[in-house]
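A.B. asks: Quick one: structure below, then a few questions.
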Amino acid sequence: MPPWQRTDYCGAIRASDEGREVALWGWVQTRRDHGGLIFIDLRDREGIVQLVMNPEHNAAAHSAAGEARSEFYVAVKGKVARRSEGTVNAELPTGEIEILVHEFEVLNASAPPPFQVVDGEATAEEIRLKYRFIDLRRPEMQSNLRRRHQALKAVRDHLDQNGFVDIETPILFKSTPEGARDYLVPSRVNPGKFYALPQSPQLLKQILMIGGFDRYYQIARCFRDEDLRANRQPEFSQIDIEMTGPRPEDIQSIAEGMIASVYQRVLGIDVKPPFPRMSYADAVDRFGIDKPDLRFGLELKNLTSGFAGTAFKVFAEILSRGESVYGINVPGADPLTRRELDELTESVRTRYSMGLAWIKVGDAGWQGPIAKYISDAEKSAAASIADLKQGDTLIMVAGLPDKIRPVLGDVRLRLGAKFELDKSDELKFLWVVDFPLFDYSDEDKRMVAVNHPFTAPNPDDLKLLESTPLKARALAYDMVLNGQELGGGSIRIHSRELQLKVFELLGMSREESVDRFGFLLEALRYGAPPHGGIAFGVDRICMMLCGTESLRDVIAFPKTQKAVDPMSGAPSEVDPRQLRELSIKVTS
RNA sequence: GGGGUCGUAGUUCAGCCCGGUUAGAACGCCGGCCUGUCACGUCGGAAGUCGUGGGUUCAAAUCCCAUCGGCCCCGCCA
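Count the first sequence with our numbering and you get residues 2 to 589, in order.
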């Protein structure tokens with residue numbers, strides 16, 4: 002048992018505490034031993050405070066402090082004293098005072114830490130993760146995880162105030178092989194059968210609506226067995242929301258209020274709903290992507306009409322097939338060098354097997370490899386569409402719009418990064434709406450759901466399901482912030498017939514539909530109310546709140562790119578007896 | 001599955017192109033001295049399977065091949 006209880010947090014003591022007798026616990030951050038006087042910066046979750054051990058004041062405490070080393074966990078008693086003039090440290094919140102220690106006890110020694118907790122150089126992430134218990138002591142990790150807590154608290158408060166009920170759904174659920182790979186869990190009592198960890202509680206929350214809960218939310222853990230990225234972990238958290246009877250704008254309004262509350266309470270920043278809406282078609286046409294970063298321009302321009310009948314063979318051939326030319330005007334204020342243009346051209350060639358053309362509006366007219374093939378009429382047409390001025394550079398790609406707009410969207414983001422336009426701390430929220438319901442998968446030779454197969458078609462497009470389903474729009478919406486998708490949702494199908502129709506369009510037989518989603522189809526037979534909702538990526542929101550580039554910095558115990566936890570060593574082999582009980586044989 | 005990049009004291013790195021004495025530096029660590037430091041100072045010291053395996057060579061941290069691992073990206077992620 003500790004010899005005494007803590008009265009205060011180290012980092013929370015202030016000049017107003019002067020004269021108080023305090024008892025503190027904390028880690029030794031640094032020890033400055035002057036032979037006579039010893040100073041120790043003692044750290045806890047609130048920060049550091051300076052301890053002073055004076056042999057004339059208390060010899061035993063001084064001698065005990067002399068034995069303390071980095072990351073020892075110690076308990077002290079002492080008196081809060083104002084620092085004398087000239088020894089105040091303006092850099093520290095506790096810099097006006099120090100603790101004159103008269104009792105000093107080491108509660109637990111520490112091996113020399115593998116890296117310095119504070120003031121050390123940036124440590125390899127592998128080492129940080131292996132010794133996560135030390136890494137988590139770093140002020141940055143403390144701050145990130147507490148912001149995460151504050152964000153989730155704000156979310157819960159907001160949803161609670163709006164009548165949403167937090168309901169837990171199972172982690173052991175049924176495999177539904179549409180979408181990502183499932184994590185499987187063998188069932189011992191049902192040999193040869195498996196649960197799947199949920200990729201999201203999507204179906205369960207729909208069932209909850211049918212079950213009469215009307216407004217549900219959950220901070221739900223989700224699992225997807227796919228390759229990792231800086232912003233993708235195999236397990237992650239969603240703010241999962243569902244309600245009955247909403248129009249898209251009802252969900253959007255609740256979500257906007259929730260996000261505004263998060264920014265207000267975590268960062269003290271006012272964001273002003275409602276957020277602007279942009280159709281999917283516009284987003285793709287103007288930015289080449291369905292989650293545009295609106296902090297900067299560099300929009301895509303459709304130059305097709307300007308080059309009708311061009312003599313430039315490359316364009317002429319592509320246009321003769323009814324395809325398009327799109328371009329980006331890079332303003333002369335931020336000129337690209339010839340070398341940068343060549344690198345851009347080369348990278349577009351290698352990444353997309355596509356040609357990139359460019360011209361520069363110079364003093365002597367258009368310059369660049371293709372300038373001589375472009376007629377004056379085409380130049381003025383293109384200049385007018387793309388608003389070209391002296392010194393501007395026009396970057397162009399020709400081909401099928403669906404192929405070239407994402408390429409230019411990528412080029413746009415790279416230009417934004419090059420000019421550091423993506424460094425702005427502006428918050429450009431928007432809703433992307435009117436997503437298509439289906440997309441055609443060349444790989445699977447069939448239509449696939451753009452969102453998920455439970456998304457309701459726009460009622461205006463219902464008749465398109467029979468004729469041209471790829472043109473049907475969904476009642477789906479994504480919230481986007483600065484080029485990152487924070488969350489997405491939709492109104493769901495609540496009619497069994499329509500749901501079966503959509504499954505059929507996705508190439509699923511009646512038997513497959515019933516086998517995979519029979520419980521949903523059954524539930525839809527019993528007075529299922531119209532319903533819809535949204536889900537937000539907690540980890541990505543926290544990345545934005547903390548200004549970090551990696552999800553791993555907002556998760557206490559994340560996994561590496563190989564989905565390994567370097568601290569525990571998971572995943573690991575298991576005892577053969579465990580496998581026998583599960584009727585599982587490992588073949589590799 | 002593919003591309004890129006990194007792997008050298010506890011940590012962060014230099015050395016590698018162009019093979020050749022005892023593999024260096026900083027921080028940290030250990031010991032001495034030091035009563036106003038807060039990146040304390042100062043004197044001294046310890047500390048390395050150069051990721052692993054193989055090859056070339058009189059000789060490999062350095063060149064070649066393979067392999068493992070970290071990170072970033074493509075594929076994948078309804």
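Here a beta-carbon is modelled for each residue, glycine too, at the ideal position from N, C-alpha and C. Since this is a predicted model, take the numbers as computed values, not measurements.
In whole angstroms, what separates the C-alpha of Met355 from that of Thr346?
C.D. replies: Approximately 9 Å, taken between the alpha carbons.
A.B. asks: State the Cα-Cα distance for the pair Asp364 and Ala387, rounded to the nearest angstrom.
C.D. replies: 18 Å
A.B. asks: Taking its Cβ as the centre, do 16 or more other Cβ atoms sit within 10 Å of Pro567, making it buried, or is it exposed?
C.D. replies: buried
A.B. asks: Between the alpha carbons of Arg248 and Val23, how many angstroms are there, rounded?
C.D. replies: So the alpha carbons of these two residues sit roughly 57 Å apart.
A.B. asks: Under three-state DSSP, which class holds Met210?
C.D. replies: helix
A.B. asks: So Ala309 is in the beta strand (DSSP E); what residue range does that whole segment cover?
C.D. replies: Ala309 -> no beta strand (DSSP E), and no H or E assigned at all.
A.B. asks: Which full runs of the beta strand (DSSP E) of 3+ residues lie inside the stretch 60-95, going along the chain?
C.D. replies: 74-83
A.B. asks: My output table needs one value for Glu179: the three-state DSSP class, helix, strand or coil.
C.D. replies: Of the three classes helix, strand and coil, the one that applies to Glu179 here is coil, per DSSP.
A.B. asks: Which runs of the beta strand (DSSP E) at least 3 residues long sit entirely within the stretch 423-490? Give them in chain order.
C.D. replies: 430-434, 439-442, 447-450, 477-482
A.B. asks: Mind checking Phe313: buried by the 16 CB within 10 Å criterion, or exposed?
C.D. replies: buried
A.B. asks: Give the range of the alpha helix (DSSP H) segment to which Tyr10 is assigned.
C.D. replies: From DSSP, Tyr10 is part of no alpha helix (DSSP H); its letter is neither H nor E.
A.B. asks: Expressed to the nearest angstrom, what Euclidean distance is found between the alpha-carbon atoms of Leu160 and Ile492?
C.D. replies: 19 Å
A.B. asks: Tell me, which residues are paired with Ala365 by DSSP?
C.D. replies: DSSP lists no beta-bridge partner residue for Ala365.
A.B. asks: Can you give me the Cβ contacts of Gly534 inside the same chain, cut-off strictly under 7 Å, excluding the 5 residues immediately before and after it?
C.D. replies: Lys206, Ile242, Glu243, Met244, Ile252, Gly490
A.B. asks: In its own chain, which residues sit with a C-beta less than 6 Å from the C-beta of Lys194, not counting the 5 before and 5 after it?
C.D. replies: Ser188
A.B. asks: Leaving out five residues on either side along the sequence, give the residues of the same chain with a beta carbon under 6 Å from the beta carbon of Asn459.
C.D. replies: Answer for Asn459: Arg474, Leu476, listed in chain order.
A.B. asks: Buried or exposed, going by whether 16 or more other CB atoms sit within 10 Å of the CB of Arg147?
C.D. replies: exposed
A.B. asks: Tell me which same chain residues have a C-beta within less than 8 Å of the C-beta of Leu301, skipping the five on either side of it?
C.D. replies: Excluding residues within five positions, the ones whose Cβ falls inside 8 Å are Asp286, Arg287, Phe288, Gly289, Tyr327, Gly328, Ile329, Arg406, Leu409, Gly410, Arg413.
A.B. asks: Is Ala450 closer than 8 Å to Phe439 when the C-beta atoms are compared?
C.D. replies: In this structure, Ala450 lies closer than 8 Å to Phe439 by Cβ.
A.B. asks: Output the residue ranges of the alpha helix (DSSP H) runs that lie fully inside the stretch 124-161 and measure 4 residues or longer, sorted by chain position.
C.D. replies: 126-131, 133-136
A.B. asks: Assuming the contact rule is C-beta atoms closer than 8 Å, Ala319 and Ala399 should be a hit. Round their C-beta distance to whole Å, please.
C.D. replies: It is worth fixing the name first, because residue 319 is Ile in this sequence and not Ala. Their Cβ separation, rounded to whole angstroms, is 4 Å, which keeps Ile319 and Ala399 in contact under 8 Å.
A.B. asks: Grouping DSSP H, G and I as helix and E and B as strand, with all else coil, what is Pro249?
C.D. replies: helix
A.B. asks: Answer yes if the stretch 258-278 comes into contact with the stretch 459-468, meaning at least three C-beta pairs across the two stretches below 8 Å, and no otherwise.
C.D. replies: no
A.B. asks: What residues in its chain sit with their C-beta under 6 Å from that of Ile494, if we drop five residues either side in the sequence?
C.D. replies: Phe455, Ala457, Gln500
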